[in-house]
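Everything below concerns the one structure shown next.
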Amino acid sequence: MGVQPVGRTIPETQALVLGVNRQLCGIGEPGEIILRTPFRSLGYINAPEEMRSRFVKNHFRNDDQDLLYYTGDRGRYLPDGSLEILGRQDHQLKIRGIRIELGELETVLAQHPSVHQTVVTAREDAFGDLRLVAYMIPNQESAPTISEIRNFLSIKLPQYIVPSSFVFLDSFPLTPNGKIDRHALPTPSNITNLGTFVEPRNQIEMQLVQIWSKILKVDKVGVQDNFFDLGGHSLLAPYLMAQIKQQFGKDIPLISLFQNPTIEQLATILQIDLDCSNSSGLVPIQPNGSNLPFFCVPGAGDEPFYLYHLGRYLGVEQPLYSFQANNLDRELEPASRVKDMASHYIQAMQTVQPQGPYFLAGHSFGGKVAFEIAQQLLHRGHKVALVAIIDTTAPTSNERQTRLDCIDWDNARWLIELIKAVEVSLATNIDISYDTLRSLPAKEQLNYVLQLFKMINMLPPNAETTQLKNMLQSYKANSLALIDYVPQHIYPAQITLLRASEALGENYVRKLPPEMLQDSALGWNAFSCEPVNVYFLPGNHVTMMAEPHVQFLAERLKACIQQVQANI
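Mind the numbering: the sequence shown is residues 9 to 576 in my numbering, read in order.
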């Protein structure tokens with residue numbers, strides 16, 4: 009790759025360097041290398057178009073048998089008469105009026121010590137503009153991060169030639185003759201190609217993720233991803249700001265994007281003087297699409313934004329809504345909490361879908377709430393098409409007794425339980441004990457845990473203790489909500505149970521009674537007039553909701569929805 013001296017041609021072979029007008033180039037002037045030789049090739053097998061374009065009659069002589077072979081290589085003659093190859097003719101292009109040699113870019117990128125092999129191509133974005141995409145096979149010993157690669161190239165190259173997207177691959181697709189098949193390289197939107205991915209953590213970040221994903225045509229956008237690293241450029245920036253103004257009603261100067269190029273940073277700016285209250289509690293995870301909406305209740309104390317991945321894989325035609333418990337009145341008695349929560353959520357649901365049939369689901373604690381929502385909807389005369397319980401047990405007397413033990417816990421113990429839930433959710437370890445936390449004053453306990461949650465990206469940098477208190481209160485209320493919850497009626501149709509195939513460690517979950525562990529339906533047959541439809545899916549209670557396992561969950565839910573719709 010790059011500039012390669014090849015010396016002089018063999019006897020009886022003439023190498024010409026022609027410009028765009030098919031005239032001879034001068035010494036040092038680059039052009040396409042053309043070969044004139046009596047040593048004839050058989051040509052391109054089964055490729056007549058390619059053969060006609062490569063083997064062309066010599067326009068310098070009036071002889072039909074005198075052919076020129078257009079190699080597709082760029083080169084130039086040096087003053088000493090030697091020929092120098094500069095790269096491939098078909099790997100040179102113009103982006104926004106600037107000529108770029110892909111071979112030279114590949115040469116520089118291959119100089120990074122952690123890059124084993126690389127290919128650079130150009131792809132059109134949604135607006136018809138070309139953007140550079142670098143595909144890399146990293147060294148197994150030390151795979152680089154995207155930031156390292158960008159910083160490395162920024163030192164060696166002008167900014168306009170630094171690729172917009174970077175994709176790590178295990179191997180490159182090959183043609184039958186063993187060359188790299190550039191046309192078969194995957195598009196960046198279908199690749200997880202950024203280092204640390206941080207999910208949206210509040211309503212503003214969620215809305216910005218949806219805007220960026222639409223504009224940049226990138227499926228997976230994290231809140232710490234840089235707009236320009238994902239392929240954004242100065243021509244897209246004004247369009248992005250216009251979309252933000254339309255969505256939030258707030259005019260942000262364009263310079264703010266260049267100074268704050270991540271969703272996390274922009275969300276902090278937008279939050280100032282912006283009323284982000286959501287009294288209904290309804291959260292549009294993916295509000296677009298022509299299908300009937302799908303409503304999914306999150307787990308105990310969880311913000312609904314972890315369902316973001318589920319919304320992606322359900323597809324653009326399937327609207328997905330969830331609920332944010334932090335907006336609920338926290339003065340409700342725990343004994344009636346599930347019923348009151350279900351009633352509140354029904355009011356929110358009916359603002360977007362006044363009448364059935366309704367498609368419902370709930371994960372963990374949310375599964376019980378979804379079941380109660382279905383019961384109340386049926387009691388009010390509405391049709392419920394689907395109730396999907398995602399990896400949670402039916403209400404039992406044993407569970408209610410276990411939760412009674414939590415009533416006398418102090419604030420530090422509840423914080424530790426919340427930390428344990430977060431550790432499992434983010435697959436991380438937070439090194440703090442109950443005794444250490446209990447030794448601190450109540451206010452310092454909150455501040456300490458708040459800083460821990462910011463460090464692991466559980467909460468955004470501008471989060472305050474109020475947000476953590478809401479999380480804690482929600483987790484506590486949900487945990488105690490089932491003490492006296494007993495469904496009033498047997499469900500008159502079939503329940504779908506989606507179970508995780510793997511178990512969580514016993515440190516993180518309350519131990520289930522033996523009879524429940526042996527029951528594939530997790531006790532739900534006692535609350536349904538038809539046998540429960542059980543599916544086992546990859547992952548554990550937490551990872552089944554995250555990549556890559558959430559793809560299987562989404563496919564199963566889509567199949568369930570389609571099957572029910574076919575019978576409506």
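Yeah, the Cβ is synthetic: ideal placement off N, Cα and C, and Gly gets one too. Keep in mind the model is a prediction, meaning the values are calculated, not measured.
Practice item. Say whether the region 242–257 touches the region 311–320, bearing in mind that this needs 3 or more beta-carbon pairs closer than 8 Å, one atom from each stretch. Key: no
Check your understanding: Whose CA, out of V377, V360, I464 and Q326, lies closest to the CA of S351?
Key -> V377
Practice item. Check whether the region 320–328 touches the region 292–312, counting contact only when three or more Cβ pairs, one atom from each stretch, lie closer than 8 Å. Key: yes
**Study point:** C-alpha gap between H387 and E555, whole angstroms
**Key:** 37 Å
Point to revise | Nearest-angstrom beta carbon gap, C33 and R84 [assumed within contact, 8 Å] | key: 7 Å
Point to revise | Simplified DSSP state of H371, which is helix, strand or coil | key: strand
**Study point:** Beta-carbon proximity list for D189, same chain, < 7 Å, skipping 5 on both sides
**Key:** P181, L182 and T183
Exercise for review: Inspect the beta-carbon positions of I42 and A23 and report whether they are closer than 9 Å.
Suggested key: yes
Check your understanding: With distances taken from CA atoms, which of L161, T21 and N533 is nearest P500?
Key -> N533
Exercise for review: Give the secondary structure of R62 by DSSP, where H, G and I count as helix, E and B as strand, and everything else as coil.
Suggested key: helix
Exercise for review: Per DSSP, which residues does G39 bridge with? Please list them.
Suggested key: G83
Review point. Should V229 and I260 be called a contact, given that it needs their Cβ atoms to be closer than 9 Å?
Key: no
Point to revise | Local Cβ density within 10 Å of I154, reported as buried at 16 or more and exposed below that | key: buried
Review point. Between H549 and L512, which are expected to be in contact by the criterion C-beta below 8 Å, what is the C-beta distance as a whole number of angstroms?
Key: 5 Å
Exercise for review: Please confirm if the region 414–423 is in contact with the region 434–448, defined as three or more CB-CB distances below 8 Å between the two stretches.
Suggested key: yes
Check your understanding: Should T195 go down as buried or exposed, given a rule of 16 or more other Cβ atoms within 10 Å for buried?
Key -> exposed
Check your understanding: Taking Q358 as the reference, which of F331, R345, Q119 and S372 has the closest Cα?
Key -> F331
Practice item. Label L454 either buried or exposed according to how many other C-beta atoms from any shown protein chain fall within 10 Å of its C-beta, with 16 as the threshold for buried. Key: buried
Point to revise | Beta bridge counterpart(s) of Q22 as assigned by DSSP | key: R44
Practice item. List the whole-angstrom C-beta distance separating L458 from T473, where the pair is believed to meet the contact cut-off of C-beta under 8 Å. Key: 6 Å
Check your understanding: Is DSSP giving A396 helix, strand or coil here?
Key -> strand
Review point. In chain order, what residues of the same chain have a beta carbon less than 7 Å from the beta carbon of L448, not counting five sequence neighbours either side?
Key: Y456
Practice item. Can you say whether S90 is buried or exposed, counting buried as having 16 or more other CB atoms within 10 angstroms of its CB? Key: exposed
Exercise for review: Find out if the Cβ-Cβ distance for the pair R345, Y493 is shorter than 9 Å.
Suggested key: yes
Practice item. Compare the beta carbon distance of A471 and F461 with 9 Å and say whether it is the shorter of the two. Key: yes
Review point. Roughly how far, in whole angstroms, is the beta-carbon of H371 from the beta-carbon of C304, given that I think they are within contact range, below 8 Å?
Key: 7 Å
Check your understanding: Do you know offhand how far F160's Cα is from G257's?
Key -> 39 Å
Practice item. Give the DSSP-derived three-state secondary structure of H317 in the structure shown. Key: helix
Review point. Apart from the five residues just before and just after P384, which ones in its own chain have a Cβ nearer than 8 Å to its Cβ?
Key: Here the sequence assigns Gln to residue 384, which means Pro is not the residue at that position. So the list reads K347, A350, S351 and I354, once near-sequence residues are dropped.
Review point. Fully enclosed by the region 226–262, which alpha helix (DSSP H) runs are 4 residues long or longer?
Key: 245–256
Review point. By how many angstroms is the C-alpha of G531 removed from the C-alpha of L490?
Key: 15 Å
Practice item. Tell me whether the beta-carbon of L165 lies closer than 9 Å to the beta-carbon of V116. Key: yes
Check your understanding: So what does E132 bridge to, in DSSP terms?
Key -> L138
**Study point:** beta strand (DSSP E) segment containing N541, residue limits
**Key:** N541 to L545
Exercise for review: Have a look at R564 and V572 and give me their C-alpha separation to the nearest angstrom.
Suggested key: 12 Å
Point to revise | Extent of the continuous beta strand (DSSP E) run through C304 | key: F302 to V305
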